Amino acid sequence: EALEIECTEGMDGVWTKGDASGLSFKTNGPFEMFEGLDVDGADLVKGQDYSASSDGDDSKSTLIRLDKDYLKGLDYGSHTIRAHYSDGQEPQTQFTVVSVRYMVKYDLNGHGTPQPDEQELVDPWILDYPEEPKDEEYDFRGWYTSDSCKDKEKWDFGKPVQEDMTLYAKWEQIKGTVS
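Using this note's numbering, count along the sequence shown one by one with no gaps and you end on 188.
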C-alpha cells in the first residue's frame, strides 16, 4: 500500500512580519522523494527561499523551513504551501502572514486640548504627528516617553515604534500667567 504523504507539523502556521526566524513545516514524505516547493502556485528556489532536509534520524520525513527574507516579501493574509514529491503527491497546507500591531496613546499631562486619538500602527510602525495641543497659560514643548518629560525622553517621530506606549505632553508656563 502506497504511503499517503501529508503535512504532519506546521499546518495553519502564522508568521509575523519582523520575526527573526522563518516558518517550519514537516511532511511524512521521504526526503529522497522531495522535489520542490511552491507557495500560491509560484515555485520557490531551494537554498534561497527555503531549506529542506530529512528530519534528523527520521529519513522517512521532510523538514521544510521558509526563509524569513522570503516571507518578508509576501503580502499579509493567507497563503498555500505545497510540497512536490517524485511519486506525484503534493501535500499542502495554509499559513498566514500577519503584522505586529502597536498602540500609542497620548497623555496631555494635565493641560491643553485637543486630546489626540490613540494610534494603532501596522507595518510600517511610524507615528503620524498628532495635532498640536494648545493651552492659554502654557506653551506645548513636544511629546515625551515619560511623564517627567526629560530631554533624553523626547520622542523622535521619524523613529519606528517597537512596543505599545504612551507619549506625554511637555508644557512650559507662559511668563506672566498664573495657574
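Even glycine gets a Cβ: it sits at the ideal position worked out from N, Cα and C. Just so it is clear, the structure is predicted and the values come from calculations on it, not from any experiment.
Query raised in the report: Across which residues does DSSP place His93 in a beta bridge pair?
Result: For this step, residue 93 is matched to residue 84 along the sequence shown. In the DSSP output, where bridge partners are listed per residue, His93 has Gly45.
Query raised in the report: According to DSSP, what are the bridge partners of His88?
Result: Here residue 88 corresponds to residue number 79 of the sequence shown, with the count starting at 1. For His88, which the question treats as bridged, DSSP gives the partners Phe104.
**Report entry** Rounded straight-line distance, which links the Cα of Pro123 to that of Gly86
**Finding:** To locate residue 86, count along the sequence shown from 1; it is residue 77. To locate residue 123, count along the sequence shown from 1; it is residue 114. Approximately 36 Å between the Cα atoms of the pair.
Query raised in the report: In whole angstroms, what is the alpha-carbon distance linking Asp84 and Lys184?
Result: As a position in the sequence shown, residue 84 is number 75, starting the count at 1. As a position in the sequence shown, residue 184 is number 175, starting the count at 1. Cα to Cα, the separation comes out at about 54 Å.
Report task. Just list the beta strand (DSSP E) runs in the region 126-170, keeping only unbroken ones of 3 residues or longer that don't cross its boundaries, in chain order. Result -> 128-131 and 147-153
Query raised in the report: How big is the Cα-Cα spacing for Leu75 and Lys179?
Result: Here the question's residue 75 lines up with position 66 in the sequence shown. Here the question's residue 179 lines up with position 170 in the sequence shown. Using only the alpha carbons, I get a separation of about 46 Å.
Report task. Mark Tyr138 as exposed unless 16 or more other C-beta atoms lie within 10 angstroms of its C-beta, in which case mark it buried. Result -> For this step, residue 138 is matched to residue 129 along the sequence shown. The residue in question, Tyr138, is exposed, as its Cβ has fewer than 16 Cβ neighbours within 10 Å.
Query raised in the report: For the putative contact between Lys35 and Ser63, defined by C-beta atoms under 8 Å, what is the C-beta separation to the nearest angstrom?
Result: Position 26 of the sequence shown, counted from the start, is the residue given in the question as residue 35. Position 54 of the sequence shown, counted from the start, is the residue given in the question as residue 63. Not confirmed; about 11 Å, so no contact.
Report task. Classify Leu176 as helix, strand or coil using the three-state DSSP reduction. Result -> Taking the first residue of the sequence shown as 1, we reach residue 176 at position 167. In this structure, Leu176 counts as strand in the three-state DSSP scheme.
Query - N-terminal and C-terminal residue of the beta strand (DSSP E) that Asp116 is part of - result: Here residue 116 refers to the residue found at position 107 when the sequence shown is read from its first residue. Here the beta strand (DSSP E) through Asp116 covers Arg110 to Asp116.
Query raised in the report: Beta-carbon of Ser108 versus every beta-carbon of chain C: anything under 9 Å?
Result: Checking the listed chains, one finds no chain C in this structure; it contains a single protein chain.
Report task. Ignore the nearest five residues each way along the sequence and tell me which others in Val170's own chain have a CB closer than 8 Å to its CB. Result -> Translated into positions along the sequence shown, residue 170 becomes position 161. Cβ contact annotation for Val170 (same chain, cutoff 8 Å, sequence separation greater than five): Tyr111, Val113, Leu130, Trp134, Ile135 and Leu136, in chain order.
Report task. Compute the Euclidean distance between the alpha carbons of Gln57 and Thr175, then round it to the nearest angstrom. Result -> As a working mapping, residue 57 is identified with position 48 in the sequence shown. As a working mapping, residue 175 is identified with position 166 in the sequence shown. About 40 Å.
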